[in-house]
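Take a look at the structure below.
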Amino acid sequence: MSRRKTERLLNLVICLLATRRPLSAEQIRQAVPGYDRDGDEAFQRMFERDKNELREIGIPIDVVRDPWEDEPGYRIERESYELPEITLEPDEAAVLGLAAQVWQRASLAEAASGALLKLRAGGVATDQPVGTGALELRVDTRDPAFPALWDAVRDRRVVRFDYRGAGSESVRSRTVEPWGVVSRRGRWYLAGYDRDRDAPRAFRLSRITGQVTTVGRPGAVEVPEGIDLRAMVGFPDETTDERVAVVRVRQGACEGLRQLARAVHPGTDGWDEAELAFTDPERLAGWMASLGADVEVVEPPDAREAVIRRLKGAMA
1184 MSRRKTERLL
1194 NLVICLLATR
1204 RPLSAEQIRQ
1214 AVPGYDRDGD
1224 EAFQRMFERD
1234 KNELREIGIP
1244 IDVVRDPWED
1254 EPGYRIERES
1264 YELPEITLEP
1274 DEAAVLGLAA
1284 QVWQRASLAE
1294 AASGALLKLR
1304 AGGVATDQPV
1314 GTGALELRVD
1324 TRDPAFPALW
1334 DAVRDRRVVR
1344 FDYRGAGSES
1354 VRSRTVEPWG
1364 VVSRRGRWYL
1374 AGYDRDRDAP
1384 RAFRLSRITG
1394 QVTTVGRPGA
1404 VEVPEGIDLR
1414 AMVGFPDETT
1424 DERVAVVRVR
1434 QGACEGLRQL
1444 ARAVHPGTDG
1454 WDEAELAFTD
1464 PERLAGWMAS
1474 LGADVEVVEP
1484 PDAREAVIRR
1494 LKGAMA
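Take the sequence shown: its letters are residues 1184 to 1499, numbered as in the numbering used here.
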């Protein structure tokens, strides 16, 4: 299922669940992003398909016929939609708690909120709690390549990107059949089949430079049965040796950095000098670049170059 269709179905559910009175097809057409505003027949076909698909997955859409209205109305009764009370064992609740800490906000939340705003702007009364909290999910990662790779894994679509190997400054283009995106020791990896090397490989997202582009059509990637993605990212070329970066910090700024530094040496030119422990230059670069003009990485050279690449990419 494409991302556009997924968003449209989600928005349709939210509209029908949030409204306090049944909505006509025309009201739904105007409120839900993704429906054709021009062709009546195209909208009717799409709307019928969407209703059928939602009903097939167990979402009850009620048709309400008001004798005073020419067209029927549609809504989702919350009592029929919501799950019954669930009792979890302590270990099950703990697993769910850990999963909730990984996710902070879904990309669909923005589109869903937009649907509610359009409903309210059109004079349709909605229940506020439906649009808040329940959809506030987010994957916490600073790696710019994550959203595109996540979409490619979902759509089973081949990707191409430039990649800097471990312990090397050279960048090479890679074409990969993505199998999954996994986290290990606080770092995110893409596991998949490397067409250039003709073998399964894992790629650390922080070493991907530039844009991730898709190749070919969705559904082209087949994930092997029984593949252990987490085992794929346990390869031996990962360095965990701790190093120290020397960073100039503007006086009176970056209190959080100062608290995490091994040492901070006062300066006389408006700048202090801090010593920061790190293992991955790219992760350090992402942090330093986010602090803008209040920091300057002095050494080591690879960490300094990583920051420069991030800033140049932001300017581009």
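Glycine is no exception: its CB is placed at the ideal position from the N, C-alpha and C atoms.
Whole-Å CB distance - residue i paired with residue j, under 8 Å assumed
{"i": "G1217", "j": "R1191", "result": "3 Å"}
{"i": "A1182", "j": "L1467", "result": "This structure gives no information on residue 1182, because the portion of the chain shown stretches from 1184 to 1499."}
{"i": "V1416", "j": "V1365", "result": "6 Å"}
{"i": "V1404", "j": "E1479", "result": "Going by Cβ atoms, the distance from V1404 to E1479 rounds to 42 Å, so no, they are not a contact pair."}
{"i": "V1398", "j": "V1341", "result": "4 Å"}
{"i": "R1343", "j": "T1392", "result": "So it is not a contact: roughly 12 Å between Cβ atoms."}
Residue range of the beta strand (DSSP E) that includes residue i
{"i": "I1211", "result": "Note, I1211: premise wrong, no beta strand (DSSP E); alpha helix (DSSP H) at 1208-1214."}
{"i": "A1328", "result": "Taken as a continuous stretch (DSSP letters only), A1328 belongs to no beta strand (DSSP E), as it is neither H nor E."}
{"i": "I1391", "result": "1391-1398"}
{"i": "D1452", "result": "That residue, D1452, is in no beta strand (DSSP E); it is neither H nor E in DSSP."}
{"i": "R1426", "result": "1426-1433"}
{"i": "R1347", "result": "1341-1347"}
CA-to-CA distance, residue j to residue i, given in whole angstroms
{"i": "E1319", "j": "E1360", "result": "The predicted position of E1319 is uncertain, since its pLDDT is 42 and thus under 50; no value can be drawn from it."}
{"i": "Q1227", "j": "A1214", "result": "15 Å"}
{"i": "P1243", "j": "R1261", "result": "9 Å"}
{"i": "A1457", "j": "Y1376", "result": "41 Å"}
{"i": "R1441", "j": "P1464", "result": "19 Å"}
{"i": "W1251", "j": "A1335", "result": "49 Å"}
{"i": "E1224", "j": "E1231", "result": "11 Å"}
{"i": "R1370", "j": "L1443", "result": "19 Å"}
{"i": "C1198", "j": "G1475", "result": "41 Å"}
{"i": "A1493", "j": "W1470", "result": "What sits at residue 1493 in the sequence shown is Arg, not Ala. The straight-line gap from Cα to Cα measures roughly 10 Å."}
{"i": "W1333", "j": "P1401", "result": "13 Å"}
{"i": "Q1394", "j": "G1363", "result": "18 Å"}
{"i": "P1449", "j": "P1330", "result": "40 Å"}
{"i": "K1188", "j": "N1194", "result": "10 Å"}
{"i": "R1288", "j": "R1204", "result": "Residue confidence for R1288 is low, a pLDDT of 43 falling below 50, so the modelled location carries little weight; the figure read from the coordinates is stated next. Those two C-alpha atoms are separated by around 29 Å."}
{"i": "D1338", "j": "G1409", "result": "19 Å"}
Residue i, enclosing alpha helix (DSSP H) - first and last residue
{"i": "G1439", "result": "1438-1443"}
{"i": "Y1218", "result": "Element bounds for Y1218: n/a, residue is neither H nor E."}
{"i": "E1488", "result": "1484-1498"}
Backbone secondary structure at residue i - three-state DSSP
{"i": "A1353", "result": "Per the sequence shown, residue 1353 should be read as Ser rather than Ala. Coil."}
{"i": "T1462", "result": "coil"}
{"i": "R1378", "result": "coil"}
{"i": "R1258", "result": "strand"}
{"i": "V1416", "result": "coil"}
{"i": "L1302", "result": "Only weak support is given to the placement of L1302: the predicted model assigns it a pLDDT of 49, under 50, and the value that follows is read from those uncertain coordinates. Here L1302 sits in helix by DSSP."}
{"i": "Q1227", "result": "helix"}
{"i": "E1408", "result": "coil"}
{"i": "G1475", "result": "helix"}
{"i": "T1358", "result": "strand"}
{"i": "W1251", "result": "coil"}
{"i": "A1317", "result": "Model confidence at A1317 stands at a pLDDT of 43, short of 50, so the residue's coordinates are unreliable; what they give is reported in the following sentence. A1317 falls in the coil class under three-state DSSP."}
{"i": "A1335", "result": "helix"}
{"i": "G1402", "result": "coil"}
Burial state of residue i (16 or more Cβ within 10 Å)
{"i": "D1249", "result": "exposed"}
{"i": "S1389", "result": "buried"}
{"i": "E1177", "result": "Nothing can be reported for residue 1177: it is not among the residues displayed for the chain, which extend from 1184 to 1499."}
{"i": "N1235", "result": "exposed"}
{"i": "V1247", "result": "exposed"}
{"i": "L1200", "result": "buried"}
{"i": "T1451", "result": "exposed"}
{"i": "R1347", "result": "buried"}
{"i": "D1233", "result": "buried"}
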